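Only one structure is covered here, and it is reproduced in the block below.
Here it is, written out as structure tokens:
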């Protein structure tokens with residue numbers, strides 16, 4: 002799952018249409034650990050199925066040590082597509098851009114009645 006989360010690229014079409022869900026896939030792993038015959042059992046479309054196939058094809062398993070027998074295993078994987086959170090102060094780790102504006106309003110009577118407003122954008 003860590004490999005999937007590090008290599009997953011959310012498809013643009015799914016982002017535009019705000020698509021979330023789980024893609025269920027099935028594939029074969031041979032005795033050398035290579036993946037073949039990738040099939041999507043239940044997809045969500047919008048480019049997510051193709052991204053799941055791309056991620057699965059990048060995966061590599063360890064070769065099987067089974068007393069010299071060459072076996073092929075059928076594996077199943079679920080890949081979760083969850084929209085990224087919008088940037089907020091809590092989930093922004095390294096905020097390097099800080100932009101602020103100061104607006105100074107003076108009343109015409111006296112300088113003592115000044116008001117300031119601040120806008121901060123992260």
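Numbering (the working numbering), first residue to last: 2 to 123. We put the beta carbon where it would ideally sit given N, CA and C, even for glycine. Note that the structure is predicted; figures quoted are calculated from it, not measured.
Start-to-end residues for the beta strand (DSSP E) that takes in residue i
i, result
"residue 59", "Careful: residue 59 lies outside any beta strand (DSSP E), inside the alpha helix (DSSP H) at 49-59."
"residue 30", "22-30"
Residue i versus residue j - alpha carbon distance
i, j, result
"residue 19", "residue 77", "26 Å"
"residue 28", "residue 55", "12 Å"
"residue 7", "residue 60", "12 Å"
"residue 44", "residue 23", "7 Å"
Residue interval of the alpha helix (DSSP H) (run including residue i)
i, result
"residue 16", "13-17"
"residue 8", "3-8"
DSSP state of residue i mapped onto helix, strand, coil
i, result
"residue 81", "strand"
"residue 72", "coil"
"residue 35", "coil"
Closest by C-alpha distance to residue i, when choosing among the options
i, options, result
"residue 72", "61, 83, 39, 34", "34"
"residue 36", "84, 5, 57", "57"
"residue 86", "21, 2, 68, 50", "21"
"residue 69", "5, 32, 15", "32"
"residue 74", "66, 81, 12", "66"
"residue 10", "43, 47, 63", "47"
Residue i: CB within 7 Å of a non-hydrogen atom of the ligand FMN
i, result
"residue 32", "This structure lacks the ligand FMN; in fact it carries no ligand of any kind."
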